[in-house]
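Residues 610 to 709 in this note's numbering are what the sequence shown lists, from first letter to last.
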Amino acid sequence: MGAPVPFVQVGESVPYRLLTHCGIKYLTFAGQNWVAEREWPDPERAPGPDGKATNDGFISGRVVLLDDRTLRFKVEPATIIGKPSEVIFHPTDDEIPICK
C-alpha cells in the first residue's frame, strides 16, 4: 500500500475533478495513487441550466482526507443523476492504467 500523504491536512476539503471516463476506480491526489472501495461506472450527467447534459469525462466535487489511509470524494450537488454521491478511496501502490 502507498505511504501516507504528509502535506495534506486531515479534514481539509479541496476541489477536485475526478476522471470518470472509464469508470470510477482510481484517483491521484497529493502525489499518491488511491483505489476506490467500490468501483462505479461513469455516472450519467445531470442537465445544466440550458437543459443539456455534457460529459467531458470528469465530475466535479471535493476530496477530504479523513485519515492517512482514507480519502473521500464527494460529488458536487446536481452534477450527476443517481449514484455515487461519494466514493471512499484508500492508498495503493497500483499503477493507474491508462483509460482508453
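Ideal Cβ placement from N, Cα and C applies to all residues, glycine included. Just so it is clear, the structure is predicted and the values come from calculations on it, not from any experiment.
The closest CA to that of residue 628, considering only 689, 665, 673, is found on 665. Between the alpha carbons of residue 681 and residue 635 lies a distance of about 12 Å. Shown here for residue 675: same chain residues with a beta carbon closer than 6 Å to its own, the five before and five after excluded, namely 681 in chain order.
Judged by beta-carbon spacing, residue 625 lies beyond the 8 Å limit of residue 691, meaning their Cβ atoms are not closer than that value. Take residue 697, set aside five residues on each side of it, and the residues of its chain with a beta-carbon closer than 6 Å to its own are 646, 681, in chain order. In the displayed model, residue 637 falls within a strand according to three-state DSSP.
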